[in-house]
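Okay, structure first, notes after.
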Amino acid sequence: MAGGKMLNNVTYYQIFYKIRETFNSNPDNEYDDFLHKTDQTLRNIGMYLIENYKGDYSYCTPNEDCTERCSYLNAWLNEKKSIYTSNGKCDFYNKLWQDHVEQLWNKLDGNADQGKKCKRDGVLSNKKFPKEKFSVFCNMNPSEVLSYTCPDKAYDNSCTTMLTVTYVVIGIILLYMYFSKSSNLGNKIKNIIKNKIGIGYSTDEENNDELLSSENDTMSSINRMYNINYNSSRN
Numbered sequence: 150m151a152g153g154k155m156l157n158n159v160t161y162y163q164i165f166y167k168i169r170e171t172f173n174s175n176p177d178n179e180y181d182d183f184l185h186k187t188d189q190t191l192r193n194i195g196m197y198l199i200e201n202y203k204g205d206y207s208y209c210t211p212n213e214d215c216t217e218r219c220s221y222l223n224a225w226l227n228e229k230k231s232i233y234t235s236n237g238k239c240d241f242y243n244k245l246w247q248d249h250v251e252q253l254w255n256k257l258d259g260n261a262d263q264g265k266k267c268k269r270d271g272v273l274s275n276k277k278f279p280k281e282k283f284s285v286f287c288n289m290n291p292s293e294v295l296s297y298t299c300p301d302k303a304y305d306n307s308c309t310t311m312l313t314v315t316y317v318v319i320g321i322i323l324l325y326m327y328f329s330k331s332s333n334l335g336n337k338i339k340n341i342i343k344n345k346i347g348i349g350y351s352t353d354e355e356n357n358d359e360l361l362s363s364e365n366d367t368m369s370s371i372n373r374m375y376n377i378n379y380n381s382s383r384n
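Per the working numbering, residue 150 is the first one in the sequence shown, and the count goes up by one each step.
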């Protein structure tokens with residue numbers, strides 16, 4: 150939309166609050182470092198901000214409608230900030246917002262032409278939010294939040310260690326299966342594994358032999374009894 154003339158409130162609202170289906174103002178991935186990798190809500194806000202700033206706001210004409218557009222752009226972003234940070238009352242989400250959205254604004258504004266810069270006004274200090282509506286993560290520190298990301302509520306590094314060990318074990322098993330079929334190295338690996346578990350293996354083997362021997366003795370006794378009874382009846 151071309152700049153150069155003052156628009157009414159409805160038109161400004163339609164410019165900045167529209168639902169987008171395409172995001173074309175970051176073609177060189179210049180702003181990707183500010184887009185959150187896993188929080189889709191925060192990522193979407195960042196992508197919308199890029200479009201609103203580099204697209205619809207940048208169409209303004211200095212000394213004419215840039216001030217008005219800047220005001221609406223700030224109002225739009227403050228609404229998103231209010232939703233995401235509970236009016237700025239959640240420390241955990243405040244930190245994410247600062248790192249990924251406010252810093253993105255600073256980058257966009259730094260790249261803007263001198264006459265088209267838009268001063269950020271994101272103060273929400275006079276806004277309240279009911280504490281009983283806070284999420285579990287609201288005022289946790291990052292380490293506490295990470296404790297909820299693992300099934301056993303261990304810290305993130307514990308999860309990483311557990312996954313790493315699992316992958317290593319699976320890798321060893323796959324290598325063993327491959328080499329055991331194709332080369333002498335497989336036999337060497339097999340012998341090493343057998344030596345490592347030799348004690349337990351030998352014990353199990355002995356127990357199995359004893360069990361089989363006992364079963365054989367029992368079957369032999371039953372057979373003898375059967376033969377005696379059978380021969381007796383024939384006589």
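No residue lacks a Cβ here, since even glycine has one placed at the ideal position from N, Cα and C.
Excluding the 5 residues flanking Y297 on each side, which residues of the same chain have their C-beta closer than 8 Å to its C-beta? V285, F286
Chain-order list of residues whose beta-carbon lies under 7 Å from that of S174 (same chain, five-residue window excluded): I199, E200, K203, G204
Taking the alpha helix (DSSP H) that D240 belongs to, which residues open and close that run? Here the alpha helix (DSSP H) through D240 covers 240 to 246.
Mind checking R169: buried by the 16 CB within 10 Å criterion, or exposed? exposed
Between the segment 272 to 292 and the segment 238 to 252, can you find at least three pairs of beta-carbon atoms closer than 8 Å? The way I'd put it, the segment 238 to 252 does touch the segment 272 to 292; three or more beta-carbon pairs between them come closer than 8 Å.
For S231, the nearest candidate out of P279, M196, N255, S207 (CA to CA): The shortest C-alpha separation from S231 is found at P279.
Under the three-state reduction of DSSP, which class applies to R218: helix, strand or coil? helix
What separation, rounded to the nearest whole angstrom, lies between the Cα atoms of L253 and M326? 51 Å
May I ask you to report which of helix, strand or coil DSSP gives R169? R169: coil per DSSP, three-state reduction.
Is the beta carbon of G271 closer than 7 Å to that of N227? yes
Round the Cβ separation of Y161 and E217 to the nearest angstrom and send it over; I've been treating them as touching at under 8 Å. 7 Å
To the nearest angstrom, how far is the alpha carbon of Y180 from that of C267? 18 Å
Whole-angstrom distance between C209 and C215, CA atom to CA atom: 5 Å
Look at the alpha carbon of V318 and the alpha carbon of K282, and state the distance between them as a whole number of angstroms. 45 Å
I need the straight-line Cα distance from I322 to L245, nearest angstrom please. 42 Å
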